[in-house]
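Residue numbers for the sequence shown follow my numbering, so the first one is 12 and each next one is one higher.
The beta carbon of each residue, even a glycine, is placed where N, CA and C say it ideally should be.
One structure below.
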Amino acid sequence: MIIMLDSPIDAFKNDIRFRDHIAHVETIPAKKASFKKIPNLNDKIIDYLDSKDIKLYDHQADTYEAIKRDENVILTTTTASGKTLAFNLPIMDSLIEDEKATALYIYPAKALSNDQLNVLKNLEKDLDIDIKPRTYDGDTPKSQRYNIRQKSRVILTNPYQLHLILSWHHQWDIL
12 MIIMLDSPID
22 AFKNDIRFRD
32 HIAHVETIPA
42 KKASFKKIPN
52 LNDKIIDYLD
62 SKDIKLYDHQ
72 ADTYEAIKRD
82 ENVILTTTTA
92 SGKTLAFNLP
102 IMDSLIEDEK
112 ATALYIYPAK
122 ALSNDQLNVL
132 KNLEKDLDID
142 IKPRTYDGDT
152 PKSQRYNIRQ
162 KSRVILTNPY
172 QLHLILSWHH
182 QWDIL
């Protein structure tokens, strides 16, 4: 027998193992996307967004503007809503504008860090900037660490490795 469900949640509502444990189900209607332009955006970033046919959502533009005002930001939105671009744009802008600028990305899991490394490598290529993004964690060969510390402008790591790095902060001085 095949039962057609109206939504994935119906499987839980109709399953005896779960239905008595559901406290509340609510359907929130979709909202129409709202976009915003950022004035005085770096030309390389404008060209990048145009080449990818990307329009910035309000939350992405608002995040960019807040970060550029040196404000702290916490951004919580649904999956695939543009959080990565929201924080990468102001960082890339700083890296373009200031050749001595650097960034440290801290991720809780190596898999996420590796995914983001690929995003950053693509941004480096698409924006035509030299940032040499690299992962610096327990799996980074010792033979590569010095070069990463001296040349990479964007380093991705995890909390455990950061704890170790802080003990050896003098190694991070640029010679």
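- Message: If contacts are defined as beta-carbon pairs under 8 Å, then residue 52 and residue 99 qualify, I think. What distance do you get, rounded to the angstrom?
- Response: Incorrect: roughly 13 Å between the Cβ atoms, too far for contact.
- Message: Rounded to the nearest angstrom, what separates residue 64 and residue 56 at their Cα positions?
- Response: Cα to Cα, residue 64 sits roughly 12 Å from residue 56.
- Quick one: using the 10 Å Cβ neighbour count with 16 as the cut-off for buried, is residue 45 buried or exposed? Exposed, by the Cβ-count rule.
- Using DSSP with H/G/I as helix, E/B as strand and the rest coil, what is residue 171? In this structure, residue 171 counts as helix in the three-state DSSP scheme.
- Check whether residue 71 and residue 97 have beta carbons under 7 Å apart: A distance below 7 Å separates the beta carbons of residue 71 and residue 97.
- Message: With DSSP as the reference, identify every bridge partner of residue 68, one or two as the case may be.
- Response: Beta-bridge pairing links residue 68 to 46.
- Task: Sort 77, 121 and 94 by Cα distance to residue 170 and report the nearest one.
- Result: Ranking 77, 121 and 94 by CA distance to the CA of residue 170 puts 121 first.
- Message: Using a 10 Å radius around the Cβ and a threshold of 16 neighbouring Cβ atoms, would you call residue 144 buried or exposed?
- Response: Buried: at least 16 other Cβ atoms inside 10 Å.
- Item | Element boundaries [beta strand (DSSP E), containing residue 114] | In this chain, the beta strand (DSSP E) harbouring residue 114 covers 114-117.
- Identity of the residues DSSP links to residue 145 by a beta bridge: Under DSSP, residue 145 takes part in a beta bridge, and its partners are 166.
- On the three-state DSSP scale, how would you describe residue 54? Assigned with DSSP and collapsed to three states, residue 54 falls in helix.
- Task: Report the option in 165, 39 and 172 whose CA atom is closest to the CA atom of residue 110.
- Result: Measuring from the Cα of residue 110, the nearest candidate turns out to be 165.
- Every unbroken alpha helix (DSSP H) within the region 74-137, with a cutoff of 4 residues, ordered by chain: Taken in chain order, the complete alpha helix (DSSP H) segments of 4 or more residues contained in the region 74-137 are 94-108.
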